[in-house]
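Before any comments, here is the structure.
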Ligand code: G4P
């Protein structure tokens, strides 16, 4: 049975203290290198297109053409992804869905980006130079590796080995500025979203609390997927902690005395969501 304390915890906001100091430095690095490129490619997580965006990206990109790629679209709800693409297009930011894990949408990227540059009136031919930016774990390395194949040189982060920007040649006259374009996400408003997807490491968060919150959100947004995955009924009546307990029971995650192992269950739920096992889910809708 749930006690009153747990129910109260469900409504509390999760406090995430996380702001890597190097990100400000990266923002400066992005600005400094902007004159070298024709276009800025911003990778967003298709499951959380708002939370994974950098609030000052428009300012950072200045007058350079900017293209948004909604990565991890294999894990997101395709109807929501379409809505997000239309939303960005309405703001005159060309956007498309990609999936760097399976390679879906990758062939269309180069023509799409070239078209965006031409439309912006900045350039019509020659080598196209791109800068890739995005929050940690959004898929920047996967994207560059996909486009560049084996042509990417490994940069090593150890003393004596030069680390910093370098150009990577991709096919069809494309060059990618390979530098750590790691942006700070909107952590203050969207910490929970970033934690659900794993953009913010679990080590800085209480996973039981996080999973309970996540289940509450799932119960609201995707009740059918949730009930199918964990064979749960009465989803709408339950708190996040109750849902977590029920999922733990269904999976036989018990500790001595028949109590549920919420710690283990919370890791299971979050891992399964991140791996796409709950289905295709977009946590932010327009
Ligand atoms: P980063 O450079 O922006 O930090 O991200 P990175 O490419 O390292 O990707 C972070 C994780 O996201 C990796 O998983 C990567 O495989 C996964 N990923 C990237 N793009 C996609 C995508 O479009 N769809 C899906 N489903 N996953 C994607 P990992 O678990 O850290 O490593 P691994 O699974 O590749 O071993």
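Residue numbers (our numbering): -5 to 280. Every residue gets a Cβ at the ideal spot worked out from N, C-alpha and C, and that includes glycine.
Helix, strand or coil at residue i according to DSSP, with G and I counted as helix
i	result
residue 89	strand
residue 121	coil
residue 36	strand
residue 278	coil
residue 98	strand
residue 226	coil
residue 231	coil
residue 170	strand
residue 140	helix
residue 185	helix
residue 84	helix
residue 272	coil
residue 48	coil
residue 209	helix
residue 243	helix
residue 107	helix
residue 263	helix
residue 69	coil
residue 194	coil
Rounded separation between residue i and residue j - CA only
i	j	result
residue 194	residue 121	36 angstroms
residue 280	residue 68	19 angstroms
residue 277	residue 58	30 angstroms
residue 270	residue 250	31 angstroms
residue 199	residue 272	22 angstroms
residue 260	residue 210	13 angstroms
residue 70	residue 101	20 angstroms
Proximity test, residue i beta-carbon vs the ligand G4P heavy atom, cut-off 7 angstroms
i	result
residue 132	yes
residue 69	yes
residue 185	no
residue 135	yes
residue 95	yes
residue 65	yes
residue 270	yes
residue 143	no
residue 128	yes
Contact under 8 angstroms by Cβ, residue i with residue j
i	j	result
residue 104	residue 35	no
residue 172	residue 129	no
residue 41	residue 66	yes
residue 202	residue 257	yes
residue 238	residue 189	no
residue 72	residue 223	no
residue 50	residue 88	no
Exposed unless 16 or more other CB atoms sit within 10 angstroms - verdict on residue i
i	result
residue 165	exposed
residue 231	exposed
residue 228	exposed
residue 263	buried
residue 153	Low local confidence applies: a pLDDT of 43 at residue 153 is under 50, so the model's placement there is unreliable, with the coordinate-based value given in what follows. With fewer than 16 Cβ atoms within 10 Å of its Cβ, residue 153 is classed as exposed.
residue 55	buried
residue 186	buried
residue 156	The predicted model places residue 156 with a pLDDT of 45, which falls under 50 and marks its position as unreliable; any figure quoted below should be read in that light. Per the 10 Å Cβ criterion, exposed.
residue 109	exposed
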